[in-house]
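First the structure, in the form of structure tokens, and then the observations on it.
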Amino acid sequence: MTSSASPVLVLVGGFLGCGKTTLLLQAAARLCHSGLRVALITNDQGGALVDTRLATTSGIQTQEVVGGCFCCRFSEFVAAAEGLAAHDANVILAEPVGSCIDISATILQPMKHFYGNRFRLAPFTVLVDPERAQELLAPHADPSLAYLFTNQLAEADLVCFSKADLYTEFPELPTGFALRLSGSTGDGVSEWLHEVLAGNRIPGSRLLEVDYQKYADAEAALGWLNWQANLRLRRALSPASVVGLLLEDLDQALSQARIEIAHLKVFDQAPTGYIKASLCRNGEEPFVQGALDASPAQRHELLLNLRARAAPELLQAIVKQAAGRLPGRTSLIHFESFQPAPPKPEYQIRTRFLERK
1 MTSSASPVLV
11 LVGGFLGCGK
21 TTLLLQAAAR
31 LCHSGLRVAL
41 ITNDQGGALV
51 DTRLATTSGI
61 QTQEVVGGCF
71 CCRFSEFVAA
81 AEGLAAHDAN
91 VILAEPVGSC
101 IDISATILQP
111 MKHFYGNRFR
121 LAPFTVLVDP
131 ERAQELLAPH
141 ADPSLAYLFT
151 NQLAEADLVC
161 FSKADLYTEF
171 PELPTGFALR
181 LSGSTGDGVS
191 EWLHEVLAGN
201 RIPGSRLLEV
211 DYQKYADAEA
221 ALGWLNWQAN
231 LRLRRALSPA
241 SVVGLLLEDL
251 DQALSQARIE
261 IAHLKVFDQA
271 PTGYIKASLC
281 RNGEEPFVQG
291 ALDASPAQRH
301 ELLLNLRARA
311 APELLQAIVK
321 QAAGRLPGRT
331 SLIHFESFQP
341 APPKPEYQIR
351 TRFLERK
């Protein structure tokens, strides 16, 4: 692609914890290295997003759409994309909420219909964690989460297995063949970028027929919690130590309460550096990004995003207790815990529109 063309809008979906942000930051670095100007739009049901902070700290121009998924905040999504385009972004990467489905009818078709002369759409990629796929395609899978996952697969223009550096076996998917890549090591990312930017696939080629009551019930099966605070320690600790303490405490408390983690992310910004760590299931080793060797500091800013199979009130109590056990004083900036409201898209267009050339 040339830098003078209309910006390309690249949406990457997938279930919570599949590695969307890691892939998009890796892709952004490669595109920037090739001379393109790249930006990112993050999305969540609430505020205080770890992904937004990680992206901006990584030097990527970032806008966020909060308070609902892209489909329910379509006008805000368009405004964010137009703002980034006005700053000459050539490629705009966008990451819908990890529980979202019906992306084609509520985002891709409206974008092609109303804004096809201002943006070019890439094929919609759905990223799949191999272990999560094994869990959610099994006969005994949680029916609510399996409903979201299988519908995400069903509307993908392109399916990719993530975390290919961690697995040697990949489950068979209903959609058949899937590319394999690793946002962490970069393996397969260039091949994926070529596939989505080449213009050989039709964006929004698959449309779902969604039972919105079932969709709402499935999203509400998870509790969501976003927390942000300043931490003043009694003695200096590194960001890695602080995040390690908090993650270990939360993992243990959630496991003891028999609460299944869908995704848990913690970001620590200290004067000496930052750390982002995440868990996709109870008891696993966290995936860590940032300055592992950052020096100890007494002042830290913490962000925490938790998605788990439990009532929001229970998640709130567990996080408050864990924060209270940190060896210092926390000053709360933001705290919300909820179940997502039923999705109410601004548009539902179940006719495939061709992009304007």
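1 is the number of the first residue of the sequence shown in the numbering used here; add one for each residue after it. We treat Cβ as the ideally placed atom computed from N, Cα and C, and that holds for glycine.
{"Item": "Which residue spans inside the segment 178–246 form an unbroken beta strand (DSSP E) run of at least 3?", "Value": "223–237"}
{"Item": "Helix, strand or coil: which one does DSSP assign to T22?", "Value": "helix"}
{"Item": "Report the residue ranges of all alpha helix (DSSP H) runs contained in full by the segment 102–132; include only those spanning at least 4 residues, in chain order.", "Value": "109–115"}
{"Item": "Could you tell me the boundaries of the alpha helix (DSSP H) in which N282 lies?", "Value": "Premise fails: N282 is in no alpha helix (DSSP H) and is neither H nor E."}
{"Item": "Measure the alpha-carbon distance for P7 versus L306 and round it to whole angstroms.", "Value": "33 Å"}
{"Item": "Using beta-carbon positions only, say whether D142 and L208 come within less than 8 Å of one another.", "Value": "no"}
{"Item": "Between the segment 290–306 and the segment 261–279, can you find at least three pairs of beta-carbon atoms closer than 8 Å?", "Value": "yes"}
{"Item": "Using the Cα positions of A80 and V66, report the straight-line distance between them to the nearest angstrom.", "Value": "11 Å"}
{"Item": "Between A323 and T330, which are expected to be in contact by the criterion C-beta below 8 Å, what is the C-beta distance as a whole number of angstroms?", "Value": "5 Å"}
{"Item": "Ignore the nearest five residues each way along the sequence and tell me which others in D187's own chain have a CB closer than 7 Å to its CB.", "Value": "A164, D165, L181"}
{"Item": "Hey, A308 and E248: beta-carbon distance below 8 Å or not?", "Value": "no"}
{"Item": "Could you please give the first and the last residue of the uninterrupted beta strand (DSSP E) stretch that includes I92?", "Value": "91–94"}
{"Item": "Quick one: what does DSSP say Q348 is sitting in, helix, strand or coil?", "Value": "coil"}
{"Item": "Would you report the Cα separation of E82 and T57, rounded to the nearest angstrom?", "Value": "22 Å"}
{"Item": "Our contact map puts I60 next to A27 with C-beta atoms below 8 Å; I'd like the distance itself, whole angstroms only.", "Value": "The Cβ separation is near 10 Å, so there is no contact."}
{"Item": "Short of 8 Å in beta carbon distance, which residues of its chain neighbour K357, apart from the five on each side in sequence? Order them along the chain.", "Value": "Residue placement at K357 is poorly supported in this model, since its pLDDT is 45, which falls under 50; the coordinates still yield a value, given next. Contacts found: none."}
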